[in-house]
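Single-structure report; data block below.
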Amino acid sequence: MRYYRRAKNRGTEQLSWLTSKHTFSFGSYYDPNHMGISALRVINDDLVSPGAGFDTHGHRDMEIISYVLEGSIEHRDSLGNRFIIPAGEVQRMSAGTGITHSEFNHSGNESLRFLQIWIQPNVAGSQPSYEQKSIQQSDVLTPLVTPDGRDGSLSMQQDASIYRLQLAPRETFSLAKSNRPGYLHILNGGGETGQCTLSEGDGLGILDEKITIKANQPLSALWFDLPSVNHS
């Protein structure tokens, strides 16, 4: 184990309409010890008030993935896309040469909570693109975003994959890496590895080792299989 990130130690941005927890350095929150792992640069846990959201702004050369935990996102972008992304769905936007978009809480009376994930692409200057999909759990580990869109997943421009891990109480799963970094982010529930306990919002990064996680309650997590490069 080489990286252990407690939820309570994450950076925080507090606005009148937004509470954002930053796993890695982002915006006004900067910590040189938490700059991301490999191509994974951002995991923001955003809680957005009813009817509020992020006004139109731009990105380029970044793979931006949203995973909705509660509520629905209302998305608009410069490609002409206008979509609603409900809880459980996954959205991927490749910014490429440049894209502008807005993300709002679609509800006027319920909060929106989602993870915003940024992964650096392995090619610059590509054409911007957009995908979203509801992906049902097909196994203990289900692919959500992969380099080639395999097994019904979304695709992205990086040799990286995002999986959803779901375990029943006392069920175990081995996270084994060989010369590639991996990162586990707990969505809800909790478990233990023998070296540490993991609860909602906690993260665990590993490299070239095998770690077995055992759920002590129903556990849902995102597992990132990342390329063997350092984008620091």
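For the sequence shown, our numbering gives the first residue as -7, with consecutive numbering after it. The beta carbon of each residue, even a glycine, is placed where N, CA and C say it ideally should be. Treat the numbers as computed from the prediction; the structure is a model and nothing was measured.
Distance between V40 and T185, taken at the CA atoms: about 32 Å. Between A213 and Q119, the alpha-carbon positions lie close to 31 Å from each other. The beta strand (DSSP E) runs of length 3 or more contained entirely in the region 24 to 78 are, from start to end of the chain, 32 to 40, 45 to 51, 55 to 62, 64 to 69, 74 to 78. Annotation: the continuous beta strand (DSSP E) that includes T164 extends over 164 to 168. Taking each of D200, I109, D194 in turn and checking the Cα distance to S166, the smallest one comes out for D200. For T134, the enclosing beta strand (DSSP E) begins and ends at 133 to 138. In this structure P78 is exposed. Its beta-carbon is surrounded by fewer than 16 other beta-carbon atoms within 10 angstroms.
The beta carbon of S12 sits closer than 6 Å to the beta carbons of E5, N36, D38 from its chain, once the five residues preceding and following it are set aside; these are given in chain order. The Cβ-Cβ distance between G80 and V60 falls below 9 Å.
With a threshold of 16 other beta carbon atoms within 10 Å, T138 meets it and is buried.
Looking at the backbone, the Cα of I198 and that of A31 are separated by about 14 Å.
Only exposed fits Q209, as fewer than 16 other CB atoms lie within 10 angstroms of its CB.
Assigned with DSSP and collapsed to three states, R105 falls in strand. Three or more Cβ pairs drawn from the region 120 to 137 and the region 146 to 156 lie within less than 8 Å of each other, which places the two stretches in contact. With contacts defined as CB atoms closer than 9 Å, I76 and I65 qualify as a contacting pair.
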